[in-house]
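In the working numbering, the protein residues as written are -5 to 376. Take a look at the structure below.
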């Protein structure tokens, strides 16, 4: 059972928090997926792995793009399967934060159960399956906890860190009083842990920026005031509703030390992006890069943006079509990409670039991927 009102409120808060601050698997078989720096950020039905990209299509079937062949496969090994029946095709139901680990697929599944008195109980189950979605085994059930696909998960080594919400029983009008918890799950030991409560209030949400110097940075947002959702579909009323939420919201910037296991208020500037070796924040004159040694570097002409990522030692700003070669002390270069293209990964000397297929009416009918060399992708120095 879906809880649409609660999910809508959670989506708004997650989006606002982001503004305030991704046999069948032949390429992946026989190995544990581990990023070069030991960090993966997984969310919105997608996971960029060592040798391919796991992602859900518009039918929520899990697919795999293999870097070597550049072929995309629906994760189902059933002969003659049309992949259009969620009851018989194994590609369905495995797209909520898919994690590839030791040639197995780990993922989350959420069920909302209603008792005879009409009370809701959300149950999130962590599953393990084969890489084609078969032989699904429930490993851990978290009672009263909701793990939505658009929540952000950080995989560091063999431990996943994420937040889960207790949505309560108030269906209301998408202004429920929610409680958020920062949690971890160690894959080899099958150990789930609630690390700490990170928020409690209306219009709540959290956002994990990334990890840096063995610390995970996140924000928790909530309001003690209830802002009622406006009736009807008036866009102006909706804009005022969102602004009222922003005005009432408290943002707490937190840091979790993976070595000591402590969650505290962060004393560093609020990050724009954080990954091992790279911590960026917005300074008075532009974006600042903070090294692990505490050295600061101003990236001139490199604006704050929500679409930053580090791939192969290069800091990309996809929306601004710029990048910084970190080995060149902050030199900024242009990117030779269109507005529909996104740099997703680096593999065997090439960058994997994703592009939406847009029809004449403006609708998106699919996705295509291509390989680009560094000389094709990176243009002139800015």
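By construction, the Cβ of each residue, glycine as well, lies at the ideal position given by its N, Cα and C atoms.
Going by DSSP, residue 371 is part of the alpha helix (DSSP H) stretching over 368 to 371. Taking a C-beta distance under 9 Å as the contact criterion, residue 197 and residue 242 qualify as a contact pair.
Judged by pairs of C-beta atoms under 8 Å, the segment 88 to 99 touches the segment 51 to 58, as three or more such pairs exist. Scanning 32, 62, 57 for the CA closest to the CA of residue 345 turns up 62. Boundaries cannot be given for residue 181, as no beta strand (DSSP E) includes it and DSSP labels it neither H nor E. Contact between residue 280 and residue 293 is confirmed by a C-beta separation of about 6 Å, below the 8 Å threshold.
About 14 Å separates the beta carbon of residue 336 from that of residue 352, a gap too long to meet the 8 Å contact definition. Shown here for residue 308: same chain residues with a beta carbon closer than 6 Å to its own, the five before and five after excluded, namely 317, 319 in chain order.
When 65, 126, 73, 313 are compared, the shortest CA-CA separation from residue 328 is found for 313. As computed with DSSP, residue 200 is found in a beta bridge with 214. DSSP lists 280 as the beta-bridge partner residues of residue 277. Under DSSP, residue 265 shares a beta bridge with 275.
With distances taken between CA atoms, residue 151 lies nearest to 35 out of 295, 330, 35, 285.
For residue 311, the beta-bridge partners assigned by DSSP are 302, 316.
The way I'd put it, the segment 199 to 214 does touch the segment 263 to 272; three or more beta-carbon pairs between them come closer than 8 Å. Distance from the Cα of residue 128 is smallest, within the candidate group 156, 144, 81, for 81. Relative to residue 297, the option among 284, 274, 286 whose CA is nearest is 274. Looking at the DSSP output, residue 375 sits in a beta bridge with 327. The alpha-carbon separation between residue 72 and residue 84 amounts to approximately 8 Å. Taken through DSSP and simplified to helix, strand or coil, residue 359 comes out as strand. For the pair residue 224 and residue 216, the CB atoms are not nearer than the 9 Å cut-off. DSSP places residue 105 within a strand segment (E or B) once states are collapsed to three.
Here DSSP, grouped into helix, strand and coil, assigns residue 251 to strand. Judged by DSSP in its simplified three-state form, residue 245 adopts strand. DSSP places residue 339 in the strand class (E or B) of the three-state scheme.
Around the C-beta of residue 256, fewer than 16 other C-beta atoms lie within 10 Å, and the residue is accordingly described as exposed.
Between the C-alpha atoms of residue 158 and residue 254 there is a straight-line separation of about 22 Å. By the beta-carbon neighbour count (other beta carbons within 10 angstroms, threshold 16), residue 304 is buried. Distances from the alpha-carbon of residue 369 to those of 259, 153, 40, 331 put 331 closest.
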